[in-house]
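**Student:** The first sequence begins at 2 in this note's numbering and counts up by one.
Here it is, the structure, as structure tokens.
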Amino acid sequence: MCASRTTPARPQPMPNMNVRVRFAPSPTGYLHIGGARTALFNWLYARHTGGKFILRVEDTDAARNTQEAVDVILNGLRWLGLDWDEGPITSDATGPCKGDRGPYYQSQRKELYRRRVEALLSHGLAYEADGAVKFRMTREPVVIDDLVVGRVVRPLTDREELDPDFVIVRSDGEPVFHLVNVIDDLEMGITHVIRGEDHLSNTAKHIALFRAFGVEPPHYAHIPLILNPDGSKMSKRDQGASMTYYMEGGYAPEAVVNYLSLLGWSSKDNQEIFQIAQVVERFDLPQILRHNARFDHEKLNWLNFEHLRKLEGDRFNELTVHALNKAGYETAKYDLAYVKAAVGTAREKLKKLTDAPGYIGFYFRESVEIDPAEAPKLQAPENEARLHRLRQAYAAAPQFDAATLESLLKGLATELGLKAGPLVHPLRVTLTGKSSGPSLYHLMEVLGRERVLNRIDAVLATFRR
RNA sequence: GACCCUAUCGUCCAGCGGUUUAGGACACCGCCCUUUCACGGCGGUAACACGGGUUCGAAUCCCGUUAGGGUCGCCA
């Protein structure tokens with residue numbers, strides 16, 4: 002267990018410096034995109050105000066909460082770049098953590114809950130019924146002054162009218178969500194609860210609980226939900242509901258974070274493309290919209306492209322090489338400079354990182370695999386002589402750089418009374434196997450004279466059968 | 001069913017009583033540029049859910065209807 006909770010709160014230097022927000026996921030084995038956005042908004046608010054972002058794992062359901070499930074969440078948040086100031090460091094509930102308000106796993110806080118329940122019991126604010134412990138809920142409508150939604154008055158529903166009290170400890174002794182959530186927020190000194198709107202109705206219970214513990218509740222900000230493109234609610238099974246879809250689908254974290262920021266929040270000045278630091282600077286709770294938003298994959302794709310092309314060279318190289326390796330291309334077998342130059346020709350061209358293997362994989366295969374759709378065109382009789390002339394010109398090229406290669410090709414085209422196209426197309430297919438790809442002249446420069454001549458020879462050989 | 005939230009182009013946002021022939025972005029459709037594929041440039045189609053009020057004047061305020069979402073668990 003990490004640091005004790007008895008450490009007194011430190012004095013707050015500035016009025017706005019004491020914001021404490023948290024993301025409190027339940028490890029179910031996957032991180033929902035909506036949960037990721039909730040985490041992002043909390044993180045943004047903490048960073049904007051100079052407050053603390055806390056990660057707390059709500060692993061009360063021992064049966065389905067595994068360490069692997071926690072890792073999914075930790076990895077998802079890390080991938081997005083949402084670092085937490087307090088919370089677990091590993092997926093081991095009894096392992097190390099940072100922060101002095103731990104433990105940050107609910108499974109490690111049972112004693113705390115037990116004491117709080119006893120206090121409630123002894124004050125007559127809770128009572129036992131059928132082996133469970135129930136909380137004596139207020140019968141009055143509860144007013145919620147929500148930072149996003151505004152003032153909401155929640156009266157009892159007709160069902161609650163019958164019995165407003167609700168279970169806080171099950172008959173098996175396990176405390177329920179409403180209870181532990183409130184106790185933890187209280188103990189951890191959470192000042193703002195930023196969460197999905199699906200919790201808005203529950204908030205009445207939470208406020209009543211806070212008051213029963215003798216404290217005023219934190220500020221609440223209920224953010225709208227993310228819906229499917231067709232407007233239905235996004236559930237586990239839906240495409241793109243899980244963070245892994247983006248992590249493995251060729252998206253840059255920068256783009257996903259940017260897109261998520263724009264769902265339900267706006268800087269009001271029509272800017273769409275943001276670096277995360279710019280969002281941190283402008284983000285605030287009052288600008289959050291009140292209505293749900295549909296997830297638009299096309300727009301995310303566009304943002305992904307925009308971010309990919311703006312990525313700093315090394316970062317682009319890192320992400321692209323990773324995508325190539327994942328697809329089975331062993332870039333490590335090649336010169337670092339060659340790899341960098343090769344990847345460089347895909348710069349500003351990739352829509353998704355997962356397009357990299359198909360786009361520049363030819364650099365990392367010793368023999369070219371001709372696209373079956375292009376093979377017949379390449380076999381056109383006139384191509385033999387053209388490729389032969391091209392080979393001669395390139396074998397004798399004084400320098401093997403893009404500009405020289407281009408002028409040699411164009412010179413040859415003029416000589417043969419052709420436009421560049423009839424030479425460019427077969428040559429591209431010969432060298433890469435495909436009809437489209439990086440700039441032909443630059444790709445040849447990267448490939449180098451030896452590979453270019455070899456690849457031309459390989460195709461020429463198919464003409465002489 | 002009860003209660004709560006919401007409602008501007010297909011989608012995401014701007015608009016917060018008059019400066020609006022409702023603006024931007026994605027997507028879509030033309031044209032241009034071009035060594036492929038892209039990018040880019042120019043132009044275009046496209047919305048205030050409906051009905052009542054309030055007001056000299058409403059996308060903007062109020063009420064209702066409709067629609068969508070959420071909550072009513074010994075799930076979280």
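Note that beta-carbon positions come from the ideal geometry of N, C-alpha and C, so glycine has one too.
Here the structure is a predicted model, which means the values were calculated and not measured.
Just reading off the beta strand (DSSP E) that residue 426 is part of, what are its end residues?
**Tutor:** Per DSSP, residue 426 belongs to no beta strand (DSSP E); it is in the alpha helix (DSSP H), 422 to 433.
**Student:** Within 7 angstroms: the Cβ of residue 31 and any heavy atom of the ligand GTP?
**Tutor:** In the structure shown, the ligand GTP is absent, as is every other ligand, since no ligand is present at all.
**Student:** With distances taken Cα to Cα, identify the nearest neighbour of residue 223 among 136, 318, 148.
**Tutor:** Nearest C-alpha to residue 223: 148.
**Student:** DSSP on residue 294, reduced to helix/strand/coil?
**Tutor:** Residue state, collapsed to three classes: strand.
**Student:** When you compare only the Cα positions, how much space is there between residue 469 and residue 21?
**Tutor:** Here the chain comprises residues numbered 2 to 466, so residue 469 is not present and cannot be evaluated.
**Student:** Give the range of the beta strand (DSSP E) segment to which residue 220 is assigned.
**Tutor:** Taken as a continuous stretch (DSSP letters only), the beta strand (DSSP E) holding residue 220 covers 220 to 224.
**Student:** Runs of 4 residues minimum, wholly inside the segment 171 to 217: which ones carry the alpha helix (DSSP H) assignment?
**Tutor:** Entirely contained in the segment 171 to 217, the alpha helix (DSSP H) runs reaching 4 residues are, in chain order, 178 to 188, 204 to 213.
**Student:** Let me know the secondary structure DSSP gives residue 266 once reduced to three states.
**Tutor:** Of the three classes helix, strand and coil, the one that applies to residue 266 here is strand, per DSSP.
**Student:** Using the C-alpha atoms, what's the distance from residue 41 back to residue 538?
**Tutor:** The chain is shown from 2 up to 466; residue 538 falls before or after that span and cannot be answered.
**Student:** How close, in whole Å, do the beta carbons of residue 116 and residue 264 come, if the pair is a contact with beta carbons under 8 angstroms?
**Tutor:** Rounded, the Cβ-Cβ distance is 40 angstroms, inconsistent with contact.
**Student:** Start and end of the alpha helix (DSSP H) containing residue 327?
**Tutor:** Where residue 327 is concerned, the enclosing alpha helix (DSSP H) stretches over 314 to 327.
**Student:** What is the rounded straight-line gap between the Cα of residue 247 and the Cα of residue 47?
**Tutor:** One C-alpha to the other measures close to 25 angstroms.
**Student:** What's the C-alpha gap between residue 121 and residue 137?
**Tutor:** Cα to Cα, residue 121 sits roughly 9 angstroms from residue 137.
**Student:** Whole angstroms is fine: what's the gap from residue 349's alpha carbon to residue 25's?
**Tutor:** When rounded, the distance between both Cα atoms is 38 angstroms.
**Student:** Hey, how far is the Cα of residue 318 from the Cα of residue 338?
**Tutor:** Approximately 11 angstroms between the Cα atoms of the pair.
**Student:** Using beta-carbon positions only, say whether residue 277 and residue 103 come within less than 8 angstroms of one another.
**Tutor:** No, these two residues do not count as a Cβ contact at 8 angstroms.
**Student:** Extract the residue ranges of the alpha helix (DSSP H) inside the segment 63 to 128, only unbroken runs of 4 or more that lie entirely within it.
**Tutor:** Runs of the alpha helix (DSSP H) inside the segment 63 to 128: 68 to 81, 111 to 123.
**Student:** Can you check which of these residues, 386, 401, 445, is closest to residue 464 by C-alpha distance?
**Tutor:** Here the closest residue by C-alpha is 386.
**Student:** Using a 10 Å radius around the Cβ and a threshold of 16 neighbouring Cβ atoms, would you call residue 5 buried or exposed?
**Tutor:** Any answer about residue 5 is weak, because its pLDDT of 33 lies below 50 and its placement is not dependable; what the coordinates show is given next. Under this definition residue 5 is an exposed residue.
**Student:** Determine which residues share a DSSP beta bridge with residue 500 and list them.
**Tutor:** Here the chain has residues from 2 to 466 only, and residue 500 is not among them.
**Student:** Measuring straight from C-alpha to C-alpha, what distance separates residue 457 and residue 249?
**Tutor:** If you take the alpha carbons of residue 457 and residue 249, they lie about 36 angstroms apart.
**Student:** Quick one: Cα of residue 286 to Cα of residue 268, how far?
**Tutor:** Their backbone Cα atoms lie some 11 angstroms apart in a straight line.
**Student:** Do you know whose CA, among 367, 60, 204, 80, lies nearest residue 108's CA?
**Tutor:** Residue 108 has its Cα closest to that of 60, out of 367, 60, 204, 80.
**Student:** Sorted by chain position, which residues of the same chain lie with C-beta nearer than 8 angstroms to residue 67's C-beta, five sequence neighbours on each side aside?
**Tutor:** So the list reads 28, 30, once near-sequence residues are dropped.
**Student:** With 16 as the cutoff for other CB atoms within 10 Å, does residue 323 come out buried or exposed?
**Tutor:** Residue 323 is exposed by the Cβ-count criterion.
**Student:** Roughly how many angstroms lie between the CA atoms of residue 342 and residue 314, to the nearest whole one?
**Tutor:** When rounded, the distance between both Cα atoms is 11 angstroms.
**Student:** According to the neighbour-count rule (16 or more other Cβ atoms, all chains shown, within 10 Å of its Cβ), is residue 332 buried or exposed?
**Tutor:** It is buried - the Cβ of residue 332 has at least 16 other Cβ atoms within 10 Å.
**Student:** Have a look at residue 288 and residue 231 and give me their C-alpha separation to the nearest angstrom.
**Tutor:** About 25 angstroms.
**Student:** State the Cα-Cα distance for the pair residue 256 and residue 442, rounded to the nearest angstrom.
**Tutor:** Their backbone Cα atoms lie some 31 angstroms apart in a straight line.
**Student:** By DSSP, does residue 234 sit in helix, in strand, or in coil?
**Tutor:** Three-state result, residue 234: strand.
**Student:** DSSP beta-bridge partners for residue 348?
**Tutor:** Answer by DSSP bridge pairing: none, since residue 348 is not bridged.
**Student:** When you compare only the Cα positions, how much space is there between residue 281 and residue 214?
**Tutor:** Their backbone Cα atoms lie some 34 angstroms apart in a straight line.
**Student:** Going by DSSP in three states, residue 5 sits in which element: helix, strand or coil?
**Tutor:** Unreliable placement is indicated for residue 5, whose pLDDT of 33 sits below 50; the coordinate value is still reported in the next sentence. If DSSP states are grouped into helix, strand and coil, residue 5 belongs with coil.
**Student:** By DSSP, does residue 372 sit in helix, in strand, or in coil?
**Tutor:** Here residue 372 sits in coil by DSSP.
**Student:** Can you tell me which residues form a DSSP beta bridge with residue 243?
**Tutor:** According to DSSP, which records beta bridges pairwise, residue 243 is partnered with 33.
**Student:** Report the rounded CA-to-CA distance for residue 407 versus residue 300, giving the unit in angstroms.
**Tutor:** The straight-line gap from Cα to Cα measures roughly 36 angstroms.
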